[in-house]
Structures are given as C-alpha cells and as structure tokens.
Amino acid sequence: MLRTKTLFSAQGLLMIAAFAACSMLFLTVAGGLWAFMYWDTAADESGVLGFYKILAGIATALLLVPAVTLGQATANLAARSDTERLSSLSLLGASQSTITVLAVAQPIVGALIGTALGVIGHFLLLFPVSAIPFQGSGLGYAEMVMPWWLIALACLGLVLVSAASALMGLRKLVISPLGVRTRALERKFPWARIIVGAAALLVVGVLLSLTKGGQTMAMIVVSLLAMLIMGLLVIDILGVLLVRLIAHIGAQRAKTPDRLIAARSVQDDPKQYWRRVSGLAMTAFIAVFAGTGVAIVNAVPDDAHMPAEQLYLSGDMRTGVLLTLGIAILFVAVSAALNQTADVYDRSSTFRELHAAGMEERTVAAMTVRATMMPVIWVSLLAAGLGLVLVLPLAGMAMVMSPLTFLTLLASVAVGILVVRAGLQLSRPAIRRVTLAEVASV
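Per this note's numbering, the sequence shown starts with residue 108, numbered consecutively.
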C-alpha cells in the first residue's frame, strides 16, 4: 500500500519537485518548437524562416535526451529510497508481483503530481520566455501554448518513462527475500555494450557520409539529425566503459581511504555513476555543434541588401544556443542531485557502518561527491572529441577551431561542472539522515 508519509517524505518531495521541473522545462521547449512551426513562411524567399524551424527541431530533439535522463533519475530515487519497506514485505512472504506493483506505484503517483505542478509552472514560465526576441519580436504567449492533447501526451510520456525506469531499477535486484534485503546485483562483463558501441560507430560513419553527399535539403536535415542522435547513443554506450576504466585507474592510484572507497563505489556500478554525468557529456557534445553553427553564421559578412529575416539570424542563433545549453545544464544539475540522493539511500547501510567505524559525516559526503566528480572531465572530453570529429568534415577546420566554438564548449563544460558540484550539495541532508539513523539505533 502506498503511504502518504512515504510519498511526502524528504525524498518524495524531492522526487515530485524534480518531475515538476522536468515537465515544466520540456513543455516550455516543446512550446517554443510549436510556435516556430506555425511561422508563416509563404513570403520568405530566402528560406531563413524555414531554417529556424529546422534549428528548433534539432534543439528539441537534443534536449529530449537529458529530459528522459532526468525522468529516469527521479524514478530511480523513488524506487531505491523505499527498498527497506519492500525488503520487509518480501521477507514476510509478499509475492514478486506485489513487490513490483508497490515499487512502481510511488514513482507513478509522484510523476502524476509532479507533472501536474509542472504544467502549472509551464504556463507561468511562458510569460518571460515568450518575450525573448526572435526576428525582432517575441514568439508570443498564445503562439507557445500547445493544444491540451499534446500537453497530455507529453505528460503521459514522462509518466511512462518513470514507470519503465522503476521497473528497470527493480529488475537489477535479484527479486527474492534475501536478494532484495542484500541488494544482490547482477554482474556481467559488458560485451554486448562493446559490440553495440562498435556497430553504432559504423552507423554514425554512414550517416556522416550521407550528410556530406546529400542532394536535397530534406535528406541533409534528416541525415544530420539522425547522426546527432546516433552520436548521443555512442556517447551513452562508450561513456559507461570510460567511467569503468577511470574508476579502475583511480582505485590503483588511491592514497587515502575516501579516494579508494569512492573509486571502488564507481567500479561497483559504473552505469549508475555514468547517469550522473551523462547529461554533462551530452551537453558538451551539443555545445560543439552549437558553437560551430554560431561561428559559421558570424563568418558571413553583413550586407545591406540582405533580406530582413537574415539580418537577425546571427543574434537569434546565439540566443537559441544559450537557451538550449542553459536548459540542458539545468537538466544535468537536477539529474546529478537526484542520482546522488538515490545512491545515498541505496548505500545507506554502508554509510552507517563507515560512520559507526569512526568516519565523520563530512568525510562520507566528500567521498560521495568525489565518486561523482571523478569522471566528469574525462567523459566531457570524450563527448566533445566525438562532436569535433563529426562536425569537422561538415564545417571545416577553420570553423571547428574558431575561438567562438571553443569558447562555447569550454564555458558550457565549466558552468556544467560547477552546477553539478553545487547540485550535489542537495544530497547532504540525506547523508546526515542515514548516518544519524545509526546513532539513533544504538
């Protein structure tokens, strides 16, 4: 039975707030795409307004990845924070189907409440966002309001992501009384991930050649969008392997107990720690394409005979890039904080034992932060490097190596790292709660 006390506990409220933030931001992004798609391009002989629609579609598709990641992180927090109750029910003889229903119920209810609040926040957020100028004027509040059925469809998608993520998180546990109690996790060498990663790289290469050799604008756009999505998939596949390697090297070189425990924690479940920094890696990937696009537009000299629509393009692209990267970084920060909090509850017994053995609370907190921040720079370099490799044949060396491209990339990664580090502070109350629980039980 779903308890109100559990739903509105500290982690439950954090979960609801995260769903609200996720739905509010993504609905606002989708509202911007909706407004762009209804621009009248009949009198646009230069085709610039149609280019806006393409850019808006690409930005929305790219932001879909961190939005889904945030939804997964929120569901994981809900599923993992209630493991103790599920384990007790399992020991009392509850069936696997009962455990599964209870594990999924809290994320679904939290998602419903959070998305409802997010819809309200979306309509409030539209007031300032609709005033951001594109082509010399704001998009307009009424133009950014989507039909009710489209909003309901987006909210349903978020709830389904929550349910699926909760089921996946539960599947990783061996569903038996002892397995749930001890959190027995399946351990396999990631051969399948390596094979899929290699195949995805081949597909990216094929899409890149199609993008370069496309004869029509539609073919080029479709190939480019598919290449970007496949590039994000490759990063997601290879990122886990890189985190695993970084943790292995960190464990070999650790000279203090907290560094060793942090590295061992990452080694124990590299995929879980990858989820915390994957959003930042994907933001770095997006930043390469965004910075290169702005550099290309800025390289075109102004001409008094240019169509009026084209004169706004450079400034509007900078505005769009800043909005896209800013929203992506917000998704990253909330996702990192939620994954960190979920891990605290998942490893609560370990933290209690360390605290009982004499480790101070601040050292436990520093250890958990170190485990997250350890792979951040390296995975960002992986994503940025792949982005540079993909954009180089399309834009040329001059645009890829331009100061504007690198400034966009470095600023995005630097701000993202700082925001992630600040977001991890939100897990401190959870660490205090689980370590003090040991003191109260003595």
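All C-beta atoms in this analysis are idealised placements derived from N, C-alpha and C, irrespective of residue type, glycine included.
What you are looking at is a predicted structure, and each value in this text was computed from that prediction instead of being measured.
Can you tell me whether DSSP reads Arg290 as helix, strand or coil?
Only weak support is given to the placement of Arg290: the predicted model assigns it a pLDDT of 49, under 50, and the value that follows is read from those uncertain coordinates. In the structure shown, Arg290 sits in coil (DSSP, three-state: anything other than H, G, I, E or B).
Would you report the Cα separation of Met122 and Val486, rounded to the nearest angstrom?
26 Å
Pick helix, strand or coil for Gly245, following the three-state DSSP scheme.
strand
Whose CA, out of Leu514, Tyr145, Asp423, lies closest to the CA of Met251?
Tyr145
Going by C-alpha distance, which of Trp141, Ile393, Phe438, Val483 is nearest Val496?
Ile393
What would DSSP say about Pro482, mapped onto helix, strand or coil?
Coil, per DSSP.
Does the Cβ-Cβ distance between Thr448 and Ser534 come in under 8 Å?
The beta carbons of Thr448 and Ser534 sit closer together than 8 Å.
How would you label Ala249, buried or exposed, when you count the other beta carbons within 10 angstroms and need 16 or more for buried?
Ala249 is exposed by the Cβ-count criterion.
Since Pro240 sits in a beta bridge, which residues does DSSP pair it with?
Gly245
At what residues does the alpha helix (DSSP H) containing Glu460 begin and finish?
455 to 463
DSSP on Glu250, reduced to helix/strand/coil?
helix
Please confirm whether Tyr380 and Val350 have their CB atoms less than 8 Å apart.
yes
In the DSSP assignment, find the unbroken alpha helix (DSSP H) run with Ala369 in it and report its ends.
364 to 375
Taking the alpha helix (DSSP H) that Leu533 belongs to, which residues open and close that run?
From DSSP, Leu533 is part of no alpha helix (DSSP H); its letter is neither H nor E.
So what does DSSP say about Trp381, is it helix, strand or coil?
Three-state DSSP puts Trp381 in a helix.
In chain order, what residues of the same chain lie with their CB nearer than 6 Å to the CB of Phe241, ignoring the 5 residues before and after it?
Only Asp423 meet the Cβ criterion.
Compute the Euclidean distance between the alpha carbons of Gly79 and Thr515, then round it to the nearest angstrom.
Since the displayed the chain opens at 108 and closes at 549, residue 79 lies outside it and no answer follows.
When the Cβ atoms of the stretch 214 to 234 are set against those of the stretch 121 to 137, are three or more pairs found closer than 8 Å?
yes
Could you check what DSSP says for Ser269 in three-state terms: helix, strand or coil?
helix
Rounded to a whole number of angstroms, what is the C-alpha to C-alpha distance between Pro364 and Thr399?
43 Å
From the DSSP output, in three-state form, read off Ala361 for me.
Correct three-state label for Ala361: coil.
Would you say Arg383 faces chain D, with C-beta separation under 8 Å as the test?
Annotation note: the requested chain D is absent from the structure, which comprises a single protein chain.
Rounded to whole angstroms, what is the Cα-Cα separation between Phe158 and Arg469?
In a straight line, the C-alpha of Phe158 is about 51 Å away from that of Arg469.
Taking C-beta to C-beta, are Ala259 and Phe126 nearer than 8 Å?
no
Can you tell me whether DSSP reads Trp256 as helix, strand or coil?
helix
Between the stretch 161 to 170 and the stretch 421 to 437, do three or more beta carbon pairs fall short of 8 Å?
yes
Just the Cα atoms here: how many angstroms apart are Val266 and Ala212?
11 Å
Three-state secondary structure (DSSP) at Glu467?
Assignment of Glu467 by DSSP, reduced to helix, strand and coil, places it in the coil class.
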